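Structure first, commentary second.
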Amino acid sequence: MATMPAQPAAWLPPLPPGWTEHKAPSGHTYYYNKETKKSTYTRPIVDVQSVPSPVVAPPTIPFNPLAGAKVNADASQPFPVQTHFDGNIHPERFNNLQRGGAESHGCQRGGFNQHRGGHRGGYNDFAERRRQPQDRPKHRYDIPNCAPWVLVKTKLGRRFVWNQDTNESFWTFPGHVLKGVVEFDRIEREKRERRERGDPSEDEDETMAEIEAELAAAEEKMQAEMIEVDGDVGMEDEEEYEEVEVTDDEGEEGAEPSAKRQRTEEPQGQPEDETMEMGEDDIAWQLAAMEEQYEDEEEGLPLTDEDCKALFKELLDDTGLSPYTPWDKIIDDGILFDDERYKALGSMKARKECFDEWGRDKMQFLKEQKAKQQKLDPRIPYLGLLHRLATPKLYWPEFRRKYKKEPEMKDTKLPDKDKEKLYRDHIKRLGMKPSELKSDLSALLKAQSLASLNRSSTLDTLPTSILTDLRFVSLPASTRDSLIETYISTLPPAPDNAAASAEEEAEVAKRRAERERREKALADRERRVREEKRRQERELAYGKGRLREEEMEIERAMKVGKDGLRAQLGSFGGDGQVREAPSGE
Amino acid sequence: MPPIRTAGRGRKPPPEGFEDIEDTLLEFQNKMRDAENAPHEGKKRYETLWPIFQITHQRSRYIYSLYYEKEAISKQLYDWLGKNGYVDLGLVAKWKKQGYEKLCCVKCIQTKETNFRSTCVCRVPREQLKEGQEVQCVSCGCRGCASSD
Chain A
1 MATMPAQPAA WLPPLPPGWT EHKAPSGHTY YYNKETKKST YTRPIVDVQS VPSPVVAPPT
61 IPFNPLAGAK VNADASQPFP VQTHFDGNIH PERFNNLQRG GAESHGCQRG GFNQHRGGHR
121 GGYNDFAERR RQPQDRPKHR YDIPNCAPWV LVKTKLGRRF VWNQDTNESF WTFPGHVLKG
181 VVEFDRIERE KRERRERGDP SEDEDETMAE IEAELAAAEE KMQAEMIEVD GDVGMEDEEE
241 YEEVEVTDDE GEEGAEPSAK RQRTEEPQGQ PEDETMEMGE DDIAWQLAAM EEQYEDEEEG
301 LPLTDEDCKA LFKELLDDTG LSPYTPWDKI IDDGILFDDE RYKALGSMKA RKECFDEWGR
361 DKMQFLKEQK AKQQKLDPRI PYLGLLHRLA TPKLYWPEFR RKYKKEPEMK DTKLPDKDKE
421 KLYRDHIKRL GMKPSELKSD LSALLKAQSL ASLNRSSTLD TLPTSILTDL RFVSLPASTR
481 DSLIETYIST LPPAPDNAAA SAEEEAEVAK RRAERERREK ALADRERRVR EEKRRQEREL
541 AYGKGRLREE EMEIERAMKV GKDGLRAQLG SFGGDGQVRE APSGE
Chain B
586 MPPIRTAGRG RKPPPEGFED IEDTLLEFQN KMRDAENAPH EGKKRYETLW PIFQITHQRS
646 RYIYSLYYEK EAISKQLYDW LGKNGYVDLG LVAKWKKQGY EKLCCVKCIQ TKETNFRSTC
706 VCRVPREQLK EGQEVQCVSC GCRGCASSD
C-alpha cells in the first residue's frame with residue numbers, strides 16, 4: 001500500500017455526521033460510525049444520488065473522481081478486513097457494502113446510507129460473481145534487469161508485477177520496475193514486428209507470447225483506466241468471494257465471531273502491504289506456469305503442408321483401404337471422418353488430391369511387390385494340387401472335370417495347355433521307380449546354388465526353382481521331406497549379408513520416428529486451435545460483459561435527475577435521512 | 586440352338602490386375618442391377634434411365650482414371666475391360682478431348698436429336714446460365730457437366 005499513490009484528500013467531500021476517519025495499522029484510511037458501529041474503507045459521503053431505486057449507482061470515473069482513488073485502493077488491497085483492530089467493527093457491514101447497494105440498503109438499521117453503494121454497485125456485483133473466479137494469473141514473464149520482479153499476466157489480460165523475494169505484488173508498477181516493463185514491452189514489440197515481416201527464424205512457439213504481447217499492447221493504454229475503473233475485477237478472488245457467502249445471514253451478533261475468525265485466519269503471516277495472497281489462486285498460477293513451460297516445449301513442432309499430407313496418407317494407410325477404391329465410395333461410407341488426421345487437410349479438394357497421390361504411389365508399390373512375388377507364383381500351387389490329388393487312374397480331361405472347382409484349377413494365370421502338360425508329365429513320372437525319383441530329387445537339390453539353398457533354409461522356405469520343378473512333387477511327402485532335410489543338414493551356412501537387413505531396420509525406425517513427430521505436431525496444432533478458440537470466446541464474453549456494464553452505467557447516469565443537485569445545494573443530512581427512513585427497515 | 590457360353594472357351598480370362606479392381610466392379614454391377622430392377626412408379630418415363638446413365642458414367646470414370654490418370658492398370662486389362670463392357674469407350678474417347686472432360690453421357694452432345702440442333706442444357710457453363718437457375722437434363726439427369734464448372 002505504501003507504493004499506492006495516495007489521492008490528495010484536500011478536495012474530498014466532508015464526512016456525514018457520525019462518521020470519523022481513522023488510520024489502520026496498515027496505513028489504510030477507514031471510516032467508523034460511532035452510532036451504528038460500522039466501519040468501512042469507502043469514504044461515506046452524503047448520498048448525492050439519493051437512491052432512486054434499490055440498486056445504488058456505483059462509483060465510476062466519469063461521474064466521480066473520488067471513486068478512482070477508492071476503487072484503486074480496493075483493487076490493491078482485496079482483504080481490507082484483515083486490518084481490523086476493533087471488535088466493534090462488524091464484518092457484515094463490510095460485506096454488505098461489498099455485496100452492493102440493494103442488500104446493504106436493506107440491512108441498514110436506521111443509519112444513513114451515504115456510502116454510495118459500496119465499492120461496487122449491485123449490477124456490478126452480479127457481473128463480478130460470474131467473472132471473478134475466472135481471472136487468475138496466467139503467464140509470467142521475466143522483466144529484464146529487475147531480478148526479483150516478474151510481470152504476471154492474468155487470464156483477462158491484465159498485468160501486475162510480483163516480487164518473488166518479498167512476495168509483493170502491485171497493479172501499478174513501481175518506478176524502477178516500470179522501466180523494466182517498458183523495456184520488456186519494447187522487446188516484445190520488436191519480436192512481433194520481426195514476426196510480421198515473416199522472419200522464419202522465429203519459431204511457432206512464440207505464437208502464444210506474441211498474441212499475448214499484442215493484447216498487452218492494446219491494453220497497455222487502457223491499463224491505467226482499467227485499474228481505476230474496475231480495479232475490483234482483478235485480484236479479489238474466491239476468498240473474498242467466500243466471505244460474502246459466509247456472512248449471508250442477518251443475525252450479525254451470532255455470526256460475527258466465526259466470520260471474523262475465518263477472515264483473520266486467512267491473511268495470517270502475510271506482510272500487510274501485499275496484494276497477492278498465497279492461496280488457491282497462487283497454486284493455480286504456478287500450475288499454469290508449469291503448464292506453460294511444458295507447452296512451450298511442445299509447441300516447437302511445426303506442422304508443414306507436407307506433414308499434413310503425410311498425416312492424411314498415414315490415415316489412409318491405417319484404415320487399410322485399397323487404393324483401387326473410388327474416392328466417392330470412401331466418402332459415402334464415411335470411413336475416415338472419425339479420425340483426427342482427417343482434419344489435417346482443410347478442404348475436400350485437397351483431400352481428394354492427396355488420396356489420388358496416395359493411390360498412385362500405393363498402386364505402384366503394390367505392382368512392384370506383385371512383380372516381385374509373381375516370379376515364384378504361378379505353378380507352385382498347381383503342382384501342390386497335383387501332388388495331393390493326381391493319380392494315374394485319371395486322364396487329364398477327367399481330372400480337370402473332377403477338380404474344376406479347385407482354385408488352382410480355376411486359376412487363369414497358368415494356361416490350360418501348361419496345366420495339361422504338367423499333369424501328363426507328372427502322371428508319367430508317378431509310374432517310375434522310387435529309386436529313380438530319389439536320384440532325380442537329389443540331382444535337383446545339388447543343382448541349387450548355396451545362396452538359395454543352405455543350412456538355414458527349411459522346408460517352408462525352399463527356393464522357387466525347386467518348388468516349380470516336377471521332380472520335387474514326384475515323391476510322396478513323407479520320403480521327400482526327410483530326404484530334403486538330411487540334405488540341408490549337410491550344407492554349409494549361408495554367405496553373410498546381414499548388413500543389408502540392418503540398414504533396412506534403420507530405415508524403418510527412421511520412418512517411424514518421422515511419423516510420431518508428425519502426429520505429435522498435429523495434436524499440438526489441435527490444442528493450439530482449441531486454446532485460441534477458448535481465448536477468443538473468453539474475450540468476447542468479457543467484452544460483452546463490459547459493454548453491458550457500461551450500458552447500464554449510462555442508463556443509470558441518465559436517471560440522475562435533479563435530486564443530486566438539490567442534495568448538493570444544501571440540507572444534505574436531512575435529505576439523506578428522509579429518504580432513508582422508509583426503506584431502512 | 587445358340588452356343589452355350591462358358592467361361593472357358595471363346596472368352597479370354599481377365600488379364601493381370603483384374604482382381605484388384607474386381608470388388609469395385611462387382612459393386613458397380615450390383616448397383617446397376619438394383620437400378621435396373623428399381624420400381625418405376627411415380628417416376629417420369631425418362632427418369633427411370635437416369636441411374637443407369639449415372640452408374641455407367643461412374644464406372645467408366647473409375648476405369649478411365651485408373652488407366653489414364655493413375656496409370657494403375659495395364660493396357661491389356663483396359664482393353665479387356667472395354668471389350669467386356671465395363672467401360673463406355675465412346676464416352677472415354679470424348680473425355681480425352683478438350684471441352685468434354687466432364688461429359689456426362691454421349692447422348693447429351695448428340696445435336697441431331699434435338700429440336701434446335703443444339704447440345705443438351707447440361708453442357709451450358711454455369712456462368713452463362715441465369716442466376717440461380719437449376720438445370721437437370723432429361724436424357725441422363727445431369728446437372729451440369731461443362732468443363733469450366
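Protein sequences appear in the order of chains A and B. Numbering-wise, the first sequence is residues 1 to 585 according to the working numbering. Numbering-wise, the second sequence is residues 586 to 734 according to the working numbering. We put the CB at the ideal spot given by N, CA and C, even for glycine. Note that this is a predicted model, so its numbers are computed, not measured.
Terminal residues of the beta strand (DSSP E) in which residue i lies
i         : result
A:Arg-639 : Absent from the model: residue 639 of chain A. The displayed extent of chain A is 1 to 585, so no value can be given.
A:Phe-170 : 168–170
A:Ser-39  : 38–40
A:Pro-302 : Segment: none, A:Pro-302 is in no beta strand (DSSP E) and carries neither H nor E.
A:Thr-29  : 29–33
Limits of the alpha helix (DSSP H) - the one that residue i falls within
i         : result
A:Lys-179 : 175–196
A:Pro-434 : 434–447
B:His-625 : Taken as a continuous stretch (DSSP letters only), B:His-625 belongs to no alpha helix (DSSP H), as it is neither H nor E.
B:Thr-641 : 635–649
A:Pro-381 : 379–389
A:Tyr-487 : 477–489
A:Arg-566 : 563–569
A:Tyr-395 : Element bounds for A:Tyr-395: n/a, residue is neither H nor E.
B:Glu-654 : Element bounds for B:Glu-654: n/a, residue is neither H nor E.
Euclidean distance between Cα positions of residue i and residue j
i         : j         : result
B:Val-672 : B:Ser-645 : 5 Å
A:Leu-430 : B:Glu-621 : 54 Å
A:Met-276 : A:Arg-159 : For A:Met-276, the pLDDT reaches just 45, beneath the cut-off of 50, and the residue's location in the model is therefore unreliable, leaving the point undetermined.
A:Phe-85  : A:His-22  : Residue placement at A:Phe-85 is poorly supported in this model, since its pLDDT is 42, which falls under 50; the coordinates still yield a value, given next. If you take the alpha carbons of A:Phe-85 and A:His-22, they lie about 11 Å apart.
A:Leu-453 : A:Gln-369 : 23 Å
A:Thr-42  : A:Tyr-31  : 7 Å
A:Gln-77  : A:His-28  : Bear in mind that the predicted position of A:Gln-77 carries a pLDDT of just 42, short of 50, making it too unreliable to give a figure here.
A:Lys-155 : A:Asp-135 : 5 Å
A:Arg-534 : A:Arg-556 : 33 Å
A:Met-560 : A:Ile-554 : According to the sequence displayed, residue 560 of chain A carries Val and not Met. Taking the straight line joining both Cα atoms gives about 10 Å.
B:Tyr-631 : A:Asp-332 : 26 Å
A:Arg-263 : A:Ser-26  : With a pLDDT of only 45 at A:Arg-263, under 50, the local geometry of the prediction cannot be trusted, and the value read off the model is given with reservation. If you take the alpha carbons of A:Arg-263 and A:Ser-26, they lie about 16 Å apart.
B:Pro-624 : B:Thr-641 : 19 Å
B:Leu-651 : B:Gln-695 : 27 Å
B:Ser-733 : B:Trp-680 : 14 Å
A:Arg-530 : A:Asp-524 : 10 Å
A:Pro-44  : A:Trp-19  : 8 Å
A:Lys-352 : A:Glu-190 : 41 Å
A:Gly-111 : A:Arg-186 : Here the model assigns A:Gly-111 a pLDDT of 40, short of 50, so the residue's position is not dependable and the matter cannot be decided.
A:Glu-406 : B:Met-617 : 30 Å
A:Pro-14  : A:Thr-172 : 28 Å
A:Ala-350 : A:Asp-460 : 46 Å
Presumed contact (8 Å Cβ cut-off) between residue i and residue j, rounded CB distance
i         : j         : result
A:Leu-383 : A:Thr-464 : The pair is not a contact, with the Cβ atoms about 11 Å apart (cut-off 8 Å).
A:Phe-184 : A:Tyr-141 : 6 Å
B:Gly-602 : B:Leu-662 : 5 Å
B:Lys-730 : B:Val-706 : One point to set straight first is that residue 730 of chain B is Cys, not Lys, in the sequence displayed. About 10 Å; that fails the 8 Å criterion.
B:Arg-708 : B:Cys-693 : 6 Å
A:Trp-358 : A:Lys-313 : 5 Å
A:Leu-336 : A:Leu-315 : 6 Å
A:Trp-149 : A:Asn-167 : No, A:Trp-149 and A:Asn-167 are not in contact; Cβ-Cβ is about 12 Å, not under 8 Å.
A:Leu-437 : A:Ser-474 : 5 Å
A:Arg-401 : A:Leu-444 : Not really, about 32 Å apart at Cβ, beyond 8 Å.
A:Glu-182 : A:Cys-146 : Sequence inspection shows Val at residue 182 of chain A; the Glu mentioned does not correspond to that position. Their Cβ separation, rounded to whole angstroms, is 11 Å, which puts A:Val-182 and A:Cys-146 out of contact at 8 Å.
Of the residues that make up the segment 605–616 of chain B, which ones have a beta carbon closer than 8 Å to any beta carbon in chain D? Within the model displayed, chain D is absent; protein chains A and B are what it includes.
So if I threshold CB-CB distances at 7 Å, which residues from the segment 359–385 of chain A count as touching chain B? Gly-359, Arg-360, Met-363
Is it the case that the segment 357–365 of chain A contacts the segment 672–685 of chain B, given that we only count it when at least three CB pairs across the two stretches are under 8 Å? no
Would you list, in chain order, the members of the segment 458–477 of chain A that have their beta-carbon closer than 9 Å to a beta-carbon of chain B? none
Would the segment 700–720 of chain B count as touching the segment 606–615 of chain B if we require 3 or more Cβ pairs under 8 Å? no
Can you confirm whether the segment 385–392 of chain A touches the segment 415–426 of chain A when touching is taken to mean that 3 or more C-beta pairs between the two stretches lie within less than 8 Å? Segments in contact, yes.
Residues of the segment 311–343 of chain A with a CB closer than 8 Å to any CB of chain B: list them in chain order, please. The residues in question are Ser-322, Pro-323, Tyr-324, Thr-325, Pro-326, Asp-328, Lys-329.
Under 8 Å, with one C-beta from each stretch per pair, do the segment 638–656 of chain B and the segment 317–333 of chain A reach the 3-pair mark? The segment 638–656 of chain B, when compared against the segment 317–333 of chain A, does touch it at the 8 Å Cβ threshold.
Which residues, taken in chain order from the segment 651–663 of chain B, show a beta carbon closer than 8 Å to some beta carbon of chain A? Hits within the stretch, in order: Leu-651, Glu-654, Lys-655, Glu-656, Ala-657.
Are three or more beta carbon pairs between the segment 343–357 of chain A and the segment 542–553 of chain A nearer than 8 Å? no
Quick one, which residues of the segment 410–422 of chain A are near chain B if we go by CB-CB under 7 Å, in chain order? Thr-412
Please confirm if the segment 443–458 of chain A is in contact with the segment 486–496 of chain A, defined as three or more CB-CB distances below 8 Å between the two stretches. yes
Closer than 7 Å, Cβ to Cβ, to anything on chain B: give me those residues from the segment 136–147 of chain A, in chain order. Result list empty, no residue passes.
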